[in-house]
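Below is one structure, written out as structure tokens, with a few remarks after it.
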Amino acid sequence: MTSSIKFIATDMDGTLLNDDKNLPTDFYDVFDALHTKDVLFSAASGRQYQSLVNTFEPVKDKMVFIAENGTLVMYQGKELYSSTIPTSEIHTIITRVKAIDNTFIVLCGKNSAYTETTDTQALEEINKYYHNLEIVSDLFAVDDEFIKIAVLNFNGTEQYIYPIISPLYSQTHQVVVSAKIWLDVMHKTASKGAAIKELQRIFNFTFEESMSFGDFLNDVEMLKETYFSYAMDNAHPEIKQLARFHAPSNNDQGVMTIIKEKILK
0 MTSSIKFIAT
10 DMDGTLLNDD
20 KNLPTDFYDV
30 FDALHTKDVL
40 FSAASGRQYQ
50 SLVNTFEPVK
60 DKMVFIAENG
70 TLVMYQGKEL
80 YSSTIPTSEI
90 HTIITRVKAI
100 DNTFIVLCGK
110 NSAYTETTDT
120 QALEEINKYY
130 HNLEIVSDLF
140 AVDDEFIKIA
150 VLNFNGTEQY
160 IYPIISPLYS
170 QTHQVVVSAK
180 IWLDVMHKTA
190 SKGAAIKELQ
200 RIFNFTFEES
210 MSFGDFLNDV
220 EMLKETYFSY
230 AMDNAHPEIK
240 QLARFHAPSN
250 NDQGVMTIIK
260 EKILK
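Take the sequence shown: its letter number 255 is residue 254 in numbering that gives the first Met the number 0, and every next letter is one higher.
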């Protein structure tokens with residue numbers, strides 16, 4: 000029964016947010032109603048933690064942030080979980096990705112994101128998801144704890160980047176197409192699903208008490224770790240096949256629609 004739900008995780012882009020990157024109009028009313036019912040709400044996204052905090056500023060201390068596709072989990076300003084990549088591995092991957100034409104790299108650390116590019120179009124796209132961003136002259140000189148390498152290619156990462164990167168690193172790292180023009184390389188065990196398993200342990204809720212919403216391939220593990228798994232109407236075909244249930248599209252406020260119908264009715 001959905002009345003027993005204790006935890007809800009939702010992806011952001013293509014899921015909770017509409018195509019204009021706006022929250023649903025009634026989001027905060029629904030959030031307050033969930034909070035009253037002691038339902039823990041989480042934004043689970045490839046976005047940077049600081050980007051998520053800025054988006055949810057009014058309720059930032061009442062929710063959990065599963066940032067950077069599950070590599071960093073934060074609650075009330077404190078780290079609950081992280082999955083880092085050794086610097087030597089980071090440097091090897093960066094060297095290989097740099098050899099791919101028309102591709103931009105965002106090196107994601109716990110303190111900030113870093114890029115070498117000054118390309119206007121690329122920076123406009125990068126800034127949507129990384130609010131703490133430093134433009135550096137040399138990614139190999141950056142000193143931080145690294146959680147992810149994000150790869151941007153405007154031609155499409157599923158077709159042009161994944162076939163190159165996956166054979167090289169999928170045995171040793173998590174390689175996932177996170178959006179049409181983005182691909183992420185993370186620690187082998189990192190995912191939104193792994194983060195949710197850790198949250199189930201910390202906050203004492205079960206697989207059957209968990210609900211999630213997703214639209215793209217970086218949501219696979221999250222949907223597998225929650226019984227009430229929803230694919231958006233606009234989701235990737237593989238996500239629609241995987242999820243147990245379907246929700247209206249992100250532009251039709253599908254996440255809010257399902258929550259109001261199944262939990263708040």
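Backbone N, C-alpha and C define an ideal beta-carbon position, used for all residues, glycine too. Computed from a predicted model, the values in this text were never measured in an experiment.
Straight-line CA distance for ARG243 to THR117?
43 Å
PHE6 beta carbon less than 8 Å from that of LEU39
yes
Neighbourhood of THR9 by C-beta, 6 Å cutoff - its chain only, sequence neighbours within 5 removed
LEU15, PHE212, VAL254
Three-state class that DSSP yields for TYR48 in the structure shown:
helix
Assuming LEU132 and THR156 form a contact by the criterion Cβ under 8 Å, report the distance between their Cβ atoms to the nearest whole angstrom.
Wrong, their Cβ atoms sit about 20 Å apart, outside the cutoff.
Spatial neighbours of ASP25 within its chain, please: CB distance less than 7 Å, with the 5 preceding and 5 following residues excluded, ordered by chain position.
MET255
Starting from ALA178, trace the beta strand (DSSP E) both ways and give me its first and last residue.
172-178
Do the segment 104-122 and the segment 133-151 make contact, defined as three or more Cβ pairs closer than 8 Å?
yes
If we require 4 or more residues per run, which alpha helix (DSSP H) segments fall completely within the segment 25-103?
26-35, 48-54, 86-97
If you draw a straight line from the alpha carbon of ILE93 to that of GLU78, how long is it in whole angstroms?
26 Å
Quick one: measure Cβ to Cβ for ASN101 and ASN53, integer angstroms, because I've assumed they're closer than 8 Å.
Not a contact, Cβ separation roughly 29 Å.
Identify, in the order they occur along the chain, each residue of the same chain with its Cβ nearer than 6 Å to the Cβ of PRO85, setting aside the five sequence neighbours on each side.
none
Given a cut-off of 8 Å on the beta-carbon distance, is the pair ASN17 and ASN233 in contact?
no
Where DSSP assigns a beta bridge to LEU132, which residues make up the other side?
ALA112
Return yes when the Cβ of LYS97 is within less than 8 Å of the Cβ of ALA89, no when it is not.
Per the sequence shown, residue 89 should be read as Ile rather than Ala. No, Cβ-Cβ distance for ILE89 and LYS97 is not below 8 Å.
Span separating the alpha-carbon of VAL184 from that of ALA66:
14 Å
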